[in-house]
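*Asks:*
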Amino acid sequence: MSSQAQQHHTALDAHTLREALDAHQRYLAGRAGGRRLALHYADLANCSLEGVDLRDADLTGAKLAGSTLARSNLSRAILFGADLREADMRHVNLKRADLRGACMRGANLAGAELAGCDLREGRIALQDKLDGFRILRHEHRPGELNYAVLAGANLQGAQMTGAVAMTSDFTDANLSGAILTGAKLMRAVLDGADLSGADLGGADLSGASMKRAVLTGVNLSQARLDDADLTDVLRAPPPIFYIDDKSLTDVVSDHEAFCDSNGRHGEVMKLHQVDFRPMRSLKKRRLSGLSAPNSIFFGMDLEGAQLQGADLTNCDFRGANLRDADLRGARFTGAQLARADMRGAKMGPLAIGDNRFVRTDFSRASLRGADLRGAHAPRARFLEAEMDGARVAGCDLTGAELEI
Numbered sequence: 016m017s018s019q020a021q022q023h024h025t026a027l028d029a030h031t032l033r034e035a036l037d038a039h040q041r042y043l044a045g046r047a048g049g050r051r052l053a054l055h056y057a058d059l060a061n062c063s064l065e066g067v068d069l070r071d072a073d074l075t076g077a078k079l080a081g082s083t084l085a086r087s088n089l090s091r092a093i094l095f096g097a098d099l100r101e102a103d104m105r106h107v108n109l110k111r112a113d114l115r116g117a118c119m120r121g122a123n124l125a126g127a128e129l130a131g132c133d134l135r136e137g138r139i140a141l142q143d144k145l146d147g148f149r150i151l152r153h154e155h156r157p158g159e160l161n162y163a164v165l166a167g168a169n170l171q172g173a174q175m176t177g178a179v180a181m182t183s184d185f186t187d188a189n190l191s192g193a194i195l196t197g198a199k200l201m202r203a204v205l206d207g208a209d210l211s212g213a214d215l216g217g218a219d220l221s222g223a224s225m226k227r228a229v230l231t232g233v234n235l236s237q238a239r240l241d242d243a244d245l246t247d248v249l250r251a252p253p254p255i256f257y258i259d260d261k262s263l264t265d266v267v268s269d270h271e272a273f274c275d276s277n278g279r280h281g282e283v284m285k286l287h288q289v290d291f292r293p294m295r296s297l298k299k300r301r302l303s304g305l306s307a308p309n310s311i312f313f314g315m316d317l318e319g320a321q322l323q324g325a326d327l328t329n330c331d332f333r334g335a336n337l338r339d340a341d342l343r344g345a346r347f348t349g350a351q352l353a354r355a356d357m358r359g360a361k362m363g364p365l366a367i368g369d370n371r372f373v374r375t376d377f378s379r380a381s382l383r384g385a386d387l388r389g390a391h392a393p394r395a396r397f398l399e400a401e402m403d404g405a406r407v408a409g410c411d412l413t414g415a416e417l418e419i
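Just so we're aligned, residue 16 is where the sequence shown starts under my numbering, counting upward by one.
Below, the structure is given as structure tokens:
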């Protein structure tokens with residue numbers, strides 16, 4: 016902060032802060048003596064608030080530079096004009112928070128929940144007895160996210176009009192439906208980011224890396240894409256997908272007939288680089304032994320699907336519903352499973368004969384932010400897998416090859 020703005024921040028001793036936090040917890044619990052936390056322009060730099068419940072707190076203009084807020088709950092909090100530079104905000108909950116004008120230069124927001132938050136520009140006018148109104152300014156322009164880490168963060172529907180996020184890391188972030196009109200995203204990393212339905216009208220994406228980004232329904236009118244890397248971006252699916260003049264629907268039906276008749280009828284699917292999205296749903300479909308490497312299942316409903324022994328190498332399952340699916344013995348090497356719902360899925364070994372088993376293989380797969388709660392994955396392979404932000408509470412990982 017500038018020297019002029021610095022005078023407006025109020026230092027707090029540890030005892031005063033603890034009393035304010037305790038009163039806020041009573042407020043949230045509806046107990047006597049509760050009081051909503053209101054620390055306007057407080058100096059909380061380098062403070063540790065890790066895991067603290069700060070829902071609905073008012074931290075307008077607070078100085079939180081270098082603070083630790085990892086896994087804290089700041090949903091619906093007011094952080095208008097707050098200084099959050101280089102703060103540790105990994106997996107913080109900022110859902111519907113007011114972050115207008117907040118400076119988050121260099122902050123680590125990996126895996127953070129920012130759905131519906133307001134990240135637009137904003138400045139604070141403070142009244143001064145001698146000089147009238149002053150503007151509280153950061154060293155850099157308000158609304159700044161330069162060099163911030165937002166890998167795997169959920170920014171669905173976030174208001175980011177005019178946001179400045181140059182060289183920021185949005186790898187595998189969920190930006191679906193986000194409003195990014197006029198945003199400055201030069202040299203930002205958006206690899207694997209979900210931008211479906213986002214508004215990037217007039218945004219500057221010069222030099223941005225957008226490899227494997229999802230661009231379905233995105234508005235890019237008047238956006239600058241000079242030197243942007245658009246390798247393997249995922250655009251809208253075709254209305255119908257044909258394989259040798261046969262519709263994909265019929266091909267899937269033939270495979271199910273093959274499974275149901277133990278090979279007497281139908282035909283097993285041996286496909287490559289197929290876009291399954293036109294089918295919308297494969298819920299509870301019988302696809303055991305399917306061979307479809309490099310195919311697209313992005314955002315599809317595969318709840319309860321039978322995919323035992325399937326070859327799904329390098330497939331795109333980002334945001335897919337694989338809840339309670341039977342994935343025993345399936346090969347997911349190099350697959351993209353960021354934000355996939357895999358709760359209750361069966362991922363243990365598949366018996367193929369007397370004392371012979373095939374293990375489910377997620378080697379080199381990306382499971383960033385995937386939900387594996389209650390899944391069964393004994394002896395599964397997760398070698399070199401990206402597991403940052405994956406939820407594994409209650410997941411059976413007995414004997415699994417997992418690098419920690």
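Where a beta carbon is used, it is the ideal one built from N, C-alpha and C, also for glycine. If you're wondering where the values come from, they're calculated on a predicted model, not measured in any experiment.
1. On the three-pair Cβ rule with 8 Å, is the stretch 381-390 touching the stretch 363-373?
2. How would you label Ile434, buried or exposed, when you count the other beta carbons within 10 angstroms and need 16 or more for buried?
3. CB Gln321 to CB Asp290, shorter than 7 Å?
4. Determine the direct distance from the alpha carbon of Arg279 to that of Asn189, and round the result to whole angstroms.
5. Near Asp68, what residues of its chain come up, given a Cβ to Cβ distance below 7 Å and the 5 sequence neighbours on each side ignored?
6. Who are the near neighbours of Thr328 in its chain, counting only those whose CB is closer than 8 Å to its CB and skipping five residues on each side?
7. Looking at C-alpha atoms only, which residue of Asp103, Asp242, Ile93, Ala166 is the closest neighbour of Asp206?
8. Between which two residues does the alpha helix (DSSP H) holding Ala44 run?
9. Determine whether the beta carbon atoms of Ala38 and Arg46 lie at a separation below 7 Å.
10. Looking at the secondary structure, which residues open and close the alpha helix (DSSP H) in which Ala272 lies?
11. Give the DSSP-derived three-state secondary structure of Arg374 in the structure shown.
12. Taking the alpha-carbon of Gly96 as reference, which of Tyr56, Gly314, Arg358 has the nearest alpha-carbon?
13. Could you tell me whether the Cβ atoms of Leu220 and Leu245 are closer together than 7 Å?
14. Kindly indicate which residue of Gly344, Asp356, Leu352 has the alpha-carbon position closest to the one of Arg374.
15. From the DSSP output, in three-state form, read off Glu154 for me.
16. So what's Arg301 in DSSP terms, helix, strand or just coil?
17. The beta strand (DSSP E) spanning Ala420 covers which residue range?
18. Excluding five sequence neighbours on each side, which residues of the same chain lie with their C-beta closer than 8 Å to the C-beta of Thr413?
19. Which same chain residues end up closer than 8 Å to Asp316 when comparing Cβ atoms and leaving out the 5 residues on each side of it in sequence?
20. Quick check: what's the CA-CA separation for Ser236 versus Asp242?
21. Measure from the alpha carbon of Met175 to the alpha carbon of each residue in Gly384, Arg111, Lys361, Ala223, then state which is nearest.
22. Would Asp376 and Arg406 qualify as a contact pair, given that the criterion is a beta-carbon distance under 7 Å?
23. Mind checking whether Ala92 and Ala72 have CB atoms under 7 Å apart?
24. Within its chain, find whatever has a CB closer than 7 Å to the CB of Arg239; leave out the 5 residues flanking it on each side and keep chain order.
25. Using the three-state DSSP reduction, which class does Arg86 fall into: helix, strand or coil?
*Replies:* Based on what the coordinates show:
1. Segments in contact, no.
2. Residue 434 lies beyond the range of the chain shown here (16 to 419); nothing can be said about it.
3. No. Outside cutoff.
4. Approximately 44 Å between the Cα atoms of the pair.
5. Closer than 7 Å at Cβ, skipping near neighbours: Gln40, Leu43, Asn88.
6. Result list for Thr328: Pro308, Asn309, Arg346, Phe347, Thr348, Gly349, Ala350, in chain order.
7. Among Asp103, Asp242, Ile93, Ala166, the Cα nearest to that of Asp206 is on Ala166.
8. Where Ala44 is concerned, the enclosing alpha helix (DSSP H) stretches over 29-44.
9. Result no, Cβ atoms of Ala38 and Arg46 do not sit closer than 7 Å.
10. From DSSP, the alpha helix (DSSP H) with Ala272 extends over 263-275.
11. Coil.
12. The shortest Cα separation from Gly96 among Tyr56, Gly314, Arg358 belongs to Tyr56.
13. No; because the gap between Cβ atoms is not below 7 Å, this pair is not in contact.
14. The shortest C-alpha separation from Arg374 is found at Gly344.
15. Only weak support exists for where Glu154 lies, its pLDDT of 43 falling under 50; the value from the coordinates is given anyway. Glu154 falls in the coil class under three-state DSSP.
16. In this structure, DSSP gives Arg301 an extended state, which the three-state scheme calls strand.
17. With the chain covering 16 to 419 only, the question about residue 420 has no answer from this structure.
18. Within the same chain, and ignoring the five residues on either side of Thr413 in sequence, the residues whose Cβ sits closer than 8 Å to its Cβ are Pro393, Arg394.
19. Arg295, Ser296, Leu297, Lys298, Ala335, Asn336.
20. The straight-line gap separating the alpha-carbon atoms of Ser236 and Asp242 is approximately 17 Å.
21. For the residues Gly384, Arg111, Lys361, Ala223, the minimum Cα distance to Met175 belongs to Arg111.
22. Judged by their CB atoms, Asp376 and Arg406 are not nearer to each other than the 7 Å cut-off.
23. In contact: Ala92 and Ala72 (Cβ atoms closer than 7 Å).
24. Excluding sequence neighbours, Arg239 sits near Asp219, Leu220, Ser221.
25. Note: Arg86 maps to coil in three-state DSSP.
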